[in-house]
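Residue numbers are given in the UniProt record's numbering: position 436 of the sequence shown equals residue 436, and the series is strictly consecutive. For glycine and all other residues, C-beta sits at the position ideal for the given N, C-alpha and C.
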Amino acid sequence: MTKKRKRQDDFQKVKLKVGKKKPKLQNATPTNFKTKTIHLPEQLKEDGTLPTNNRKLNIKDLLSQMHHYNAGVKQSALLGLKDLLSQYPFIIDAHLSNILSEVTAVFTDKDANVRLAAVQLLQFLAPKIRAEQISPFFPLALADGSSRLRESEGLQEQKENPHATSNSIFINWKEHANDQQHIQVYENGGSQPNVSSQFRLRYLVGGLSGVDEGLSSTENLKGFIEIIIPLLIECWVEAVPPQLATPVGNGIEREPLQVMQQVLNIISLLWKLSKQQDETHKLESWLRKNYLIDFKHHFMSRFPYVLKEITKHKRKEPNKSIKHCTVLSNNIDHLLLNLTLSDIMVSLANASTLQKDCSWIEMIRKFVTETLEDGSRLNSKQLNRLLGVSWRLMQIQPNREDTETLIKAVYTLYQQRGLILPVRTLLLKFFSKIYQTEELRSCRFRYRSKVLSRWLAGLPLQLAHLGSRNPELSTQLIDIIHTAAARANKELLKSLQATALRIYDPQEGAVVVLPADSQQRLVQLVYFLPSLPADLLSRLSRCCIMGRLSSSLAAMLIGILHMRSSFSGWKYSAKDWLMSDVDYFSFLFSTLTGFSKEELTWLQSLRGVPHVIQTQLSPVLLYLTDLDQFLHHWDVTEAVFHSLLVIPARSQNFDILQSAISKHLVGLTVIPDSTAGCVFGVI
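Below is the structure:
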């Protein structure tokens, strides 16, 4: 057989026949076996010698996971270690060296979540470790941290190219404070900083006592300001991006704004401290003279500041166009930053310098007005700054047009629905302050704002709607209403008269659902009502006898109504009386009976119940009231008796009372015992 024929035999195909099974290969793998899944819900490994956490991991397992390449595993290990140490605190003393060395190693981890978990773990450990235990590990931790920082890629790049990070801040604070290094910040400001003060920063020992020693005097405060303000301005100059020198661009990046925020916060605290010591406004003039030019140049050149939007493109999706995602920083409140700067600047201005400062004051006024009117939701911190700047602007430029514009803008914010309690409280205090300031002026210079009058007129209706849903806010509304009513504000009294039936409703009115202090203020408001019609007196009578008001408040209400009646001794003309004599006597008799007409009618159908008894002296049945209700009714009756006693015409008074008894009580078969006792007591 030739070689060619042999080669064909080696590669000969097996011919398969129809209807016959395919023969199995010699190297075929059997696949007829079955498998089952094994599920491990938790770690089966347990070490009886070491305690474990809820994941069955002991201290050694958790510390070993901190060397894992995955950031999530390291973060989970740190959280698990915190959980383990909180359950078994004795592990800290036994493994303190290993814990500190491993936690220190992840302080400089690339992942921010790992670093945060490490810091949280250290904060958890700090109160549980004594100073003598941890002190030996400080040199090791510092050396390890320094070594890892030197190995950081970012720092290596900065070292090789120092001009790449133009926004970095390098200030030798000690040399600045000791006047050993020249400060060149005011290249365009026109003045040079004065750092000749001998004031030195000191460690505050014992709380606020150090503050009292260092900054209690005006001279020490001036010296401190002379040192710190140039340093703060230099911080901003070094952190400011290059594009701020030109008007190109529509925002500032996050890092410079963070510096700006801290700089303005420190200056704001210094200004607040200076106001506490500046009784003669000399310090305010000194601050304006030394720092206004530099603040305008460095801070107001790009006001208002806006956070630069960093846009990232998403990947293309099928049948969809490219969308842009705006990423903003969560830790920068650029609105509060602008308001803090506005607060600092307006404190340097006054009415006498208005013409010199009109340009930047108008910038602030425009920003404040737009912020108030744009409908955005403000928190209490932002609003407090905003209202403070608005109030200062009203003092600087007290003309009617500008003041009315600002008040209108604040009222626009006040009309928003769903404002939280601190925000609503700040707005109420602001309007109340404006109203009281206007009232303190003489009639010749008093200006009645239309917006303020509209705000006052809406307060009674707000009180009627609010009720007991927010007692604190209702109390503030009542105080403002009481102040305006005592000053005879026509708009408010007219609105109060229109909503009196709702406020003094015996079932759901504010007078019966609010706390006792607020009830007392509302009872006192009855004295200022322009008129007391019969339907309102009927509701006031029900408030007295239902027990929703205390007996002392009911007696106060009865006394107030007597003072407003024609029997008080005041000389009124017939047209000036708040209520007719018929309505007044009807109020007294309704309060004396203690029950409404409907309730007395319902009592007539009661028979065979334990509360209804018959006496041997009269065919009239007595309905036994509760002891508390009886005592309350008796106390109120004493106030009614005193009001009837001071009416001059005794005989006519008795005839009116007898006529009312004959009309409303005679013919009843069931009478409450409190009604019978009180009527006989008055007679």
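From which residue to which residue does the alpha helix (DSSP H) around residue i run?
i: V523; result: A516 to L525
i: P230; result: T218 to A239
i: G388; result: S380 to I396
i: E439; result: L421 to L440
i: T104; result: L96 to A105
i: Q497; result: K490 to I503
i: V666; result: No alpha helix (DSSP H) holds V666; DSSP gives it neither H nor E.
i: S551; result: S551 to M563
i: G458; result: K450 to L466
i: R288; result: K282 to H298
i: Q133; result: A131 to I134
i: V124; result: Looking at the sequence provided, one finds Phe at residue 124 rather than Val. Its alpha helix (DSSP H) spans residues A112 to L125.
i: G80; result: A71 to Q87
i: Q416; result: Run containing Q416: none; DSSP gives neither H nor E here.
i: N338; result: H334 to V346
i: I38; result: Unbroken run through I38: none, as it is neither H nor E.
i: S376; result: Unbroken run through S376: none, as it is neither H nor E.
Answer with buried or exposed for residue i, where buried requires no fewer than 16 other C-beta atoms within 10 angstroms of its C-beta.
i: K222; result: buried
i: L25; result: exposed
i: K21; result: exposed
i: P672; result: buried
i: G509; result: buried
i: E234; result: buried
i: H163; result: Low local confidence applies: a pLDDT of 47 at H163 is under 50, so the model's placement there is unreliable, with the coordinate-based value given in what follows. Looking at its Cβ environment, which holds fewer than 16 other Cβ atoms inside 10 Å, H163 is exposed.
i: Q397; result: buried
i: C544; result: buried
i: I434; result: buried
i: M655; result: Note that residue 655 corresponds to Asp in the displayed sequence, not to Met. Label assigned to D655: exposed.
i: R55; result: exposed
i: G375; result: exposed
i: D61; result: buried
Output needed for residue i: all residues of its chain with C-beta closer than 7 angstroms, excluding positions within five of it in sequence on either side, in chain order.
i: S380; result: P422, V423 and L426
i: A485; result: L492, L493, L496, L525 and F528
i: N113; result: A71 and Q75
i: L341; result: L264, F299 and F303
i: Y409; result: Sequence inspection shows Ala at residue 409; the Tyr mentioned does not correspond to that position. Within the same chain, A409 has close Cβ partners T369, L372 and E373.
i: S432; result: I480
i: L283; result: T218, S274 and Q277
i: E187; result: In this prediction, E187 has a pLDDT of 41, which is less than 50 and means its spatial position is unreliable; nothing more can be read from the coordinates.
i: S453; result: E491
i: V670; result: L603, Q604, L606, V612, L621 and Y623
i: T412; result: L372 and E373
So, for residue i: in the same chain, excluding its five sequence neighbours on each side, which residues have a beta-carbon less than 8 angstroms away from its beta-carbon?
i: V679; result: L592, T593, I661 and L665
i: L477; result: L428, L459, Q462, L463 and L466
i: S531; result: Q497, L578 and M579
i: R115; result: V106, F107, T108 and D109
i: F295; result: I344, M345 and L348
i: I169; result: Confidence at I169 is low in this model, with a pLDDT of 42, below 50, so its placement is unreliable and the value that follows should be read with caution. The residues are C235, E238, A239 and V259.
i: F430; result: L387, S390, W391 and V410
i: L522; result: I478, I503, Y504, A510, V511 and L514
Based on the DSSP output, what are the partners of residue i in its beta bridges?
i: V612; result: Y623
i: I361; result: I361 pairs with nothing; no bridge assigned.
i: Q307; result: The residue you asked about is not Gln; residue 307 is Leu in the sequence shown. Note: L307 sits in a beta bridge opposite I252.
Using C-beta distances below 6 angstroms, list every residue in its chain close to residue i, excluding the 5 sequence neighbours before and after it, in chain order.
i: F137; result: L100
i: Q65; result: V73 and A77
i: N330; result: For N330, the predicted model reports a pLDDT of 46, less than 50, meaning its position is unreliable and no value from the coordinates is stated.
i: F630; result: S674
i: F567; result: I647
For the beta strand (DSSP E) containing residue i, name the first residue and the last one.
i: I647; result: Where I647 is concerned, there is no enclosing beta strand (DSSP E), given that its DSSP letter is neither H nor E.
i: I671; result: V670 to P672
Candidates the options: which alpha carbon is nearest residue i's?
i: I92; options: T108, Q258 and L63; result: L63
i: A488; options: R392, E439 and H334; result: E439
i: E255; options: L50, V306, D505 and V14; result: V306
i: W236; options: I267, T218 and M556; result: I267
i: L627; options: G547, L645 and F567; result: G547
i: A500; options: K17, L540 and D517; result: L540
i: residue 686; options: V682, T49, D535 and V119; result: The requested residue 686 does not occur in the structure, where the chain is confined to residues 1 to 683.
i: residue 704; options: H562, N350, L621 and I407; result: Past the edges of the chain, shown from 1 to 683, lies residue 704, and the structure says nothing about it.
i: Q395; options: C358, Y88 and A351; result: A351
i: K663; options: L413, T625 and K597; result: K597
i: W271; options: L257, L287, Q261 and Q262; result: L287
i: D635; options: T405, T601 and L549; result: L549
i: S416; options: Q123, Y88, R377 and S474; result: Going by the sequence as given, residue 416 is Gln instead of Ser. The option with the nearest alpha carbon to Q416 is R377.
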